[in-house]
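Protein chains in written order, with my numbering: chain A, 16 to 579; chain B, 22 to 306.
Glycine included, C-beta positions come from ideal geometry on N, C-alpha and C.
The structure is reproduced here in structure tokens:
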């Protein structure tokens with residue numbers, strides 16, 4: 016840029032009043048170009064890290080936030096049921112109509128084969144206890160529903176045991192889109208990700224879809240599952256029971272004459288089947304489900320389905336603040352059942368206590384350091400920085416060793432006869448343990464900003480106050496202290512932000528009463544596996560931290576963060 | 022209070038002067054004594070987490086190296102040590118390289134959306150570790166990186182970069198831009214200028230940033246608990262499990278070794294800081 020400026024002055028071509036660079040382009044443009052190039056260059060330097068942080072850090076956080084509202088499991092596992100539920104008139108009946116139960120049968124059959132029904136049960140169990148066993152129990156029974164239909168068809172039409180017969184019966188043109196939809200649905204339920212470009216080896220014809228809608232759907236599910244999950248050839252396998260049940264229902268619904276769209280031999284087999292079915296009562300899926308578990312006809316069960324059938328839910332957030340949006344609308348849980356609000360309040364309260372403790376302990380230290388000789392201050396600084404640089408786990412272990420009932424402090428107190436052996440103090444695995452250990456761990460973060468602010472306060476302020484008759488206390492309180500408030504603010508917010516998200520120390524020295532919200536998040540990730548709730552709790556904590564950080568940025572500025 | 026008390030100081034002032042120093046002494050004691058306590062305890066001849074009567078009598082029989090021997094012979098601890106030294110340096114290299122480049126980019130005069138970029142780059146330092154851990158756990162599992170060496174390295178590198186940015190930016194604040202111009206005017210291309218002129222001057226910042234990144238990774242336990250598998254178990258992780266289950270005082274031996282390591286790091290940093298201030302013509306303090 017500077018070279019362009021210098022030469023541009025000398026070589027300006029005459030008379031239009033525009034300053035030009037050496038090559039005759041207007042200087043303004045050259046400068047703009049240089050500026051652009053500089054911007055680009057600095058951006059190219061930043062880009063790799065920016066890209067890296069976005070990919071390795073921000074996307075995971077975004078993914079977590081998404082997970083806190085995501086609720087695709089219901090729609091993915093029982094898609095046809097969810098569609099059918101849309102037509103359920105909740106005003107008219109407590110439970111959905113028979114068609115919904117029928118859809119549930121086919122959905123659940125595929126889900127059971129893919130062993131995904133327990134997951135859905137587990138997910139819904141977070142909302143209503145008993146759902147997990149409901150799904151598990153019914154999953155075991157499902158194979159035997161409508162056994163007589165299956166048996167009658169197999170006896171009357173043995174050709175149906177032949178996979179190749181099915182391929183020719185269902186096959187045809189015009190069902191490509193239908194099959195693709197079913198493929199997506201089944202692949203989603205069974206969570207199959209590899210080998211998806213394997214050819215299916217079967218088709219479903221438009222004629223079959225029109226005439227045998229249930230069968231087409233069930234057969235497509237089975238076929239896709241056989242190809243991708245079992246990796247078998249469709250033509251060599253007998254379809255699973257649900258396909259037979261579907262065929263039975265379809266055959267009951269149609270007229271024999273309609274079967275003429277099929278080839279004569281196929282039509283003959285199906286006619287045999289239809290005749291055999293006449294002796295058997297038509298299915299009542301609601302009754303079958305009820306026989307497996309009476310909870311299926313409980314209105315409560317279906318309300319949960321309906322509530323969580325949408326792709327996104329605020330349910331996790333409601334749980335995270337101990338609220339419930341039941342039929343009566345939004346309401347908080349009874350006082351004694353609130354867990355998370357209490358935990359949030361405890362986290363904030365304890366973080367505040369820790370912040371105050373670090374301030375009380377850190378202020379004198381920072382004051383002393385800023386009022387002694389540089390060499391002494393440097394020595395003291397090393398004493399402050401040593402814990403700062405020592406591993407967090409080392410410091411936590413140290414406190415565990417010190418505070419235990421058989422630990423160093425208790426032993427010492429017994430030794431000097433201050434307490435007797437039976438009266439050992441309980442200082443760990445409670446709130447006190449967390450507060451002591453965390454105050455120690457976070458103290459340097461308070462001292463450092465305080466010290467850097469105190470260093471800049473001119474001693475002449477206090478001298479001036481004293482010369483005008485202020486005593487030591489007044490000079491300190493009215494003159495010195497107000498000048499240190501920026502340091503207090505910076506240190507306090509920093510300590511508070513760090514404290515509120517702490518996990519390791521409360522986990523190790525906090526017992527049950529001294530744990531923070533972080534520990535609950537960790538519990539939900541690794542033990543209860545309620546990831547959505549973990550994500551929602553995390554999102555609330557994150558919001559809290561970001562608000563605080565915004566304040567910190569306003570007071571201190573992120574550019575001014577100093578490290579030791 | 023800095024200078025010794027003036028002759029006219031009142032008894033109250035004299036009292037307060039000493040009382041204040043006693044209070045500060047106690048606070049310093051609070052700061053340092055937990056760390057100092059574990060050092061003698063790590064030489065305990067018994068499997069206790071507290072001083073035995075023999076130790077208090079300074080009886081040599083009360084002391085031994087058994088926990089150190091255990092640390093250096095136990096395959097679990099050795100595996101953890103190896104993992105720590107496999108993960109931390111790689112994360113440090115990644116964080117330092119990317120962080121230094123970005124800090125140089127950020128220090129240029131015309132950076133669009135500078136404060137937004139800065140906020141993004143610093144964010145891994147601000148977001149509570151448990152949230153980073155949760156997010157990375159879910160996301161890396163989708164990418165198949167969960168439970169792999171590279172997954173942990175990437176996560177640790179991301180956590181370490183803010184420190185590199187901050188330290189390098191701090192050294193760049195005092196950087197005289199005319200030095201690079203001078204180099205350029207004498208015919209050095211940008212790469213030569215960078216390595217011969219700029220790099221030696223900002224090197225102290227880069228090194229201390231690297232040390233911060235190293236200690237961040239070396240010390241990190243929350244993210245790795247979620248992101249790693251048993252094969253990536255590091256020293257802090259092993260200590261965490263040990264503390265939770267109260268297995269053996271070997272933890273104290275490890276802790277002592279880590280204290281020694283942090284003193285070494287602290288010393289290096291202090292040395293670098295003084296050297297850098299000398300080089301930049303500031304009076305060393």
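Problem set entry | Chain-order list of residues whose beta-carbon lies under 6 Å from that of residue 2 of chain A (same chain, five-residue window excluded) | It is not possible to answer for residue 2 of chain A, since the shown part of chain A is limited to 16 through 579.
Exercise. Is there at least one non-hydrogen atom of the ligand MG closer than 8 Å to the beta-carbon of residue 125 of chain B?
Worked result: Summarising the ligand content, the structure contains no ligands, and the ligand MG is consequently not present.
Exercise. At what residue ranges does the segment 113-158 of chain B contain a whole run of the beta strand (DSSP E), taking only runs of 3 or more?
Worked result: DSSP runs (the beta strand (DSSP E)) wholly in the segment 113-158 of chain B: none.
Problem set entry | Cβ-based contacts, 9 Å cut-off: residues of the segment 29-45 of chain B near chain A | 33, 34, 37, 41, 42, 44 and 45
Exercise. Can you pull the DSSP bridge partners for residue 339 of chain A?
Worked result: Bridge partners of residue 339 of chain A according to DSSP: A:346.
Exercise. At a Cβ threshold of 9 Å, is residue 11 of chain A touching chain B?
Worked result: Since the first residue of chain A shown is 16 and the last is 579, residue 11 of chain A is not available in this structure.
Exercise. How long is the line joining the alpha carbons of residue 77 of chain A and residue 402 of chain A, rounded to whole angstroms?
Worked result: In this structure, the straight-line span from the alpha carbon of residue 77 of chain A to that of residue 402 of chain A is close to 34 Å.
For this session: Give the C-beta separation of residue 89 of chain B and residue 274 of chain B to the nearest angstrom, bearing in mind that I take them to be a contact with Cβ-Cβ under 8 Å.
Result: 5 Å
Problem set entry | Contact belief for residue 151 of chain B with residue 518 of chain A at Cβ below 8 Å, rounded distance in angstroms | With 8 Å as the limit, residue 151 of chain B and residue 518 of chain A qualify as a contact, their Cβ atoms being about 5 Å apart.
Problem set entry | Given 8 Å, three or more beta-carbon pairs between the segment 99-111 of chain B and the segment 246-258 of chain B | yes
Exercise. If you measure from the beta carbon of residue 442 of chain A to each beta carbon in chain B, is any gap under 9 Å?
Worked result: no
Exercise. Does DSSP put residue 84 of chain B in a helix, a strand or coil?
Worked result: strand
For this session: Return the residues of the segment 523-539 of chain A that lie within a Cβ-Cβ distance of less than 7 Å from chain B, sorted by chain order.
Result: Correct list: 523, 533, 536 and 537.
Problem set entry | Nearest candidate by alpha-carbon position, reference residue 420 of chain A, set A:89, A:444 and A:400 | A:444
Exercise. Any idea if residue 65 of chain B is buried or exposed, counting beta-carbon neighbours within 10 angstroms, 16 or more meaning buried?
Worked result: buried
Exercise. From what residue to what residue does the alpha helix (DSSP H) around residue 308 of chain B run?
Worked result: This structure cannot settle anything about residue 308 of chain B, because the visible part of chain B is limited to 22 through 306.
Problem set entry | residue 123 of chain A and residue 88 of chain A closer than 9 Å at C-beta | Contact: no.
For this session: Determine, using beta carbons only, whether residue 240 of chain B comes closer than 9 Å to chain A.
Result: yes
Problem set entry | Cβ-based burial, residue 62 of chain B [other Cβ within 10 Å; buried from 16] | buried
Exercise. What in chain A is Cβ-close to residue 300 of chain B, meaning under 7 Å?
Worked result: Correct list: empty, because the minimum Cβ distance to chain A is about 19 Å.
Exercise. Looking only at DSSP bridge pairs, what is residue 85 of chain A linked to?
Worked result: Partner(s): A:327.
Problem set entry | Short CB-CB distance (under 9 Å) between residue 208 of chain B and chain A | no
For this session: Could you run through the segment 85-109 of chain B and flag, in chain order, every residue whose CB is less than 7 Å away from some CB of chain A?
Result: Result list empty, no residue passes.
Problem set entry | Cβ-based neighbour list, residue 201 of chain B, same chain, cut-off 7 Å, excluding 5 preceding and 5 following | 214, 218 and 219
Exercise. Residue 283 of chain A: which of A:265, A:240 and A:184 sits nearest, CA to CA?
Worked result: A:184
For this session: Report yes or no: do the segment 230-241 of chain A and the segment 197-207 of chain A share at least 3 C-beta pairs separated by less than 8 Å?
Result: yes
Exercise. How many Å lie between residue 395 of chain A and residue 382 of chain A at the Cα?
Worked result: 12 Å
Problem set entry | Cβ pair residue 423 of chain A, residue 439 of chain A closer than 9 Å | no
Exercise. Apart from the five residues on each side of it in sequence, which residues of its chain come closer than 8 Å, Cβ to Cβ, to residue 79 of chain A?
Worked result: The residues are 550, 553 and 554.
Exercise. When you check each C-beta in the segment 176-189 of chain B against every C-beta of chain A, which residues fall closer than 7 Å?
Worked result: 176, 179, 182, 184, 187 and 188
For this session: Quick one: grab the DSSP three-state call for residue 445 of chain A.
Result: Residue 445 of chain A falls in the coil class under three-state DSSP.
For this session: Please confirm whether residue 272 of chain B and residue 405 of chain A have their CB atoms less than 9 Å apart.
Result: no
For this session: Using a Cβ cut-off of 9 Å (strictly closer), state whether residue 19 of chain A contacts chain B.
Result: Residue placement at residue 19 of chain A cannot be trusted, given a pLDDT of 45 that sits under 50; what the coordinates show is reported in the next sentence. For residue 19 of chain A, the answer is no, since every Cβ of chain B falls outside 9 Å of its Cβ.
For this session: Out of B:47, B:174 and B:49, point me to the one whose CA is closest to residue 67 of chain A's CA.
Result: B:174
Exercise. By Cβ distance below 8 Å, which residues in the same chain neighbour residue 263 of chain B in space, the five residues on each side in sequence not counted?
Worked result: Closer than 8 Å at the Cβ level, and outside the excluded window around residue 263 of chain B, lie 269, 271 and 272.
For this session: Mind listing the chain A neighbours of residue 157 of chain B? Cutoff is C-beta to C-beta under 7 Å, in chain order.
Result: Result: 75.
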